[in-house]
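Residue numbers (our numbering), protein chains in the order written: chain A, 1 to 116; chain B, 1 to 112.
Let me begin by presenting the structure, written as structure tokens, before commenting on it.
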């Protein structure tokens with residue numbers, strides 16, 4: 001049981017380049033989400049998904065796209081990278097069982113992205 | 001507009017004493033609150049949570065208190081241990097959604 005995995009661990013992009021950050025979980029969690037962590041800003045929600053085929057925007061969605069074609073995978077796409085997207089990105093997942101307050105999220109180890 | 005605030009960026013406590021980390025929120029639609037711990041170069045790990053229908057939840061050395069009228073929650077760690085040194089984030093969930101809003105974090109240092 002690997003939990004939540006993220007690839008790559010580190011990435012350097014030039015302004016305007018595109019890339020996809022990968023996230024996978026093997027816990028059969030319905031809910032998956034992406035956050036970015038910046039100094040002094042805490043973790044900010046980018047996009048989230050409550051199941052395959054269902055995605056929604058978080059606090060800071062601009063410049064990012066997501067899709068959820070399977071329960072296991074939730075990739076984050078940067079279509080045209082900007083220096084403002086330099087950050088550490090975390091993926092997380094949890095169950096969304098009806099009627100439960102168990103909203104504990106499991107986080108991946110993070111991807112450190114630098115855009116020059 | 002920061003809906004979840006952790007006003008103390010850092011806190012130092014002697015080993016064995018109590019650590020109290022505080023969190024304030026502004027949105028009355030939050031109905032679930034969580035605390036996470038984060039070590040450098042790792043993802044956050046869940047510590048403890050509390051529903052808005054409760055005012056206290058305990059798990060071992062960790063207790064979370066919720067004061068809804070003051071829109072304030074706190075995490076108590078007793079006794080504090082050097083391994084507790086980390087950044088602690090509080091988070092809140094908007095009722096009926098899965099939108100988690102995190103605070104900016106408090107760096108706890110437990111001195112041996």
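Note that beta-carbon positions come from the ideal geometry of N, C-alpha and C, so glycine has one too.
According to DSSP, residues forming a beta bridge with residue i
{"i": "residue 76 (chain A)", "result": "A:21, A:66"}
{"i": "residue 16 (chain B)", "result": "Answer is none; residue 16 (chain B) lacks a bridge partner."}
{"i": "residue 53 (chain A)", "result": "Note: residue 53 (chain A) sits in no beta bridge, so no partner."}
{"i": "residue 26 (chain A)", "result": "None; residue 26 (chain A) has no bridge partner."}
{"i": "residue 112 (chain A)", "result": "A:10, A:88"}
{"i": "residue 57 (chain B)", "result": "B:64"}
{"i": "residue 46 (chain A)", "result": "None; residue 46 (chain A) has no bridge partner."}
{"i": "residue 4 (chain A)", "result": "A:25"}
{"i": "residue 22 (chain B)", "result": "B:74"}
{"i": "residue 39 (chain B)", "result": "Answer is none; residue 39 (chain B) lacks a bridge partner."}
{"i": "residue 100 (chain B)", "result": "B:93"}
{"i": "residue 11 (chain B)", "result": "B:108"}
{"i": "residue 87 (chain B)", "result": "B:38, B:107"}
Among the options, nearest to residue i - alpha-carbon criterion
{"i": "residue 78 (chain A)", "options": "A:2, A:30, A:15", "result": "A:15"}
{"i": "residue 97 (chain B)", "options": "A:40, A:47, A:27", "result": "A:47"}
{"i": "residue 51 (chain A)", "options": "A:2, A:86, A:31, A:90", "result": "A:31"}
{"i": "residue 70 (chain B)", "options": "B:17, B:18, B:5, B:24", "result": "B:24"}
{"i": "residue 106 (chain B)", "options": "B:37, B:112, B:33", "result": "B:37"}
{"i": "residue 71 (chain A)", "options": "A:19, A:24, A:56, A:41", "result": "A:24"}
{"i": "residue 77 (chain B)", "options": "B:2, B:91, B:67, B:58", "result": "B:58"}
{"i": "residue 83 (chain B)", "options": "B:108, B:22, B:5, B:3", "result": "B:108"}
{"i": "residue 45 (chain A)", "options": "A:108, A:92, A:116", "result": "A:92"}
{"i": "residue 2 (chain A)", "options": "A:27, A:12, A:18", "result": "A:27"}
{"i": "residue 82 (chain A)", "options": "A:113, A:75, A:56, A:66", "result": "A:113"}
{"i": "residue 62 (chain A)", "options": "A:75, A:4, A:84, A:6", "result": "A:84"}
{"i": "residue 107 (chain A)", "options": "B:92, B:46, B:4, B:14", "result": "B:46"}
{"i": "residue 38 (chain A)", "options": "A:87, A:116, A:104", "result": "A:87"}
{"i": "residue 92 (chain B)", "options": "B:16, B:34, B:64, B:6", "result": "B:34"}
Buried or exposed (CB count within 10 angstroms, at least 16 for buried), residue i
{"i": "residue 68 (chain A)", "result": "buried"}
{"i": "residue 111 (chain A)", "result": "buried"}
{"i": "residue 41 (chain B)", "result": "exposed"}
{"i": "residue 87 (chain B)", "result": "buried"}
{"i": "residue 103 (chain B)", "result": "buried"}
{"i": "residue 73 (chain B)", "result": "buried"}
{"i": "residue 64 (chain A)", "result": "buried"}
{"i": "residue 36 (chain A)", "result": "buried"}
{"i": "residue 33 (chain A)", "result": "buried"}
{"i": "residue 10 (chain A)", "result": "exposed"}
{"i": "residue 44 (chain B)", "result": "buried"}
{"i": "residue 89 (chain A)", "result": "buried"}
{"i": "residue 110 (chain B)", "result": "buried"}
{"i": "residue 112 (chain B)", "result": "exposed"}
Chain A contact residues for residue i, given Cβ-Cβ distances below 8 angstroms
{"i": "residue 89 (chain B)", "result": "42, 43"}
Chain-ordered chain A contacts of residue i [CB-CB under 7 angstroms]
{"i": "residue 98 (chain B)", "result": "31, 48, 50, 96"}
{"i": "residue 104 (chain B)", "result": "40, 41, 42"}
Beta-carbon neighbours of residue i, restricted to chain B and to distances below 7 angstroms
{"i": "residue 8 (chain A)", "result": "The premise fails here: residue 8 (chain A) is roughly 14 angstroms from chain B at the closest Cβ pair, so nothing lies under 7 angstroms."}
{"i": "residue 108 (chain A)", "result": "43"}
Per-residue contacts from residue i into chain B (C-beta, under 9 angstroms)
{"i": "residue 90 (chain A)", "result": "43, 44"}
Beta-carbon neighbours of residue i, restricted to chain B and to distances below 8 angstroms
{"i": "residue 58 (chain A)", "result": "99"}
Under 8 angstroms from the C-beta of residue i: neighbouring residues of chain D
{"i": "residue 95 (chain B)", "result": "Absent from the structure: chain D. Protein chains present are A and B."}
Q. Per the contact definition of three or more C-beta pairs closer than 8 angstroms, is the stretch 46-66 of chain B in contact with the stretch 3-17 of chain B?
A. In short, these stretches do not touch, since the Cβ pair count stays below three.
(Q) Below 8 angstroms, how does it come out for the stretch 80-99 of chain B and the stretch 26-34 of chain B: are there three or more Cβ pairs, yes or no? (A) Segments in contact, yes.
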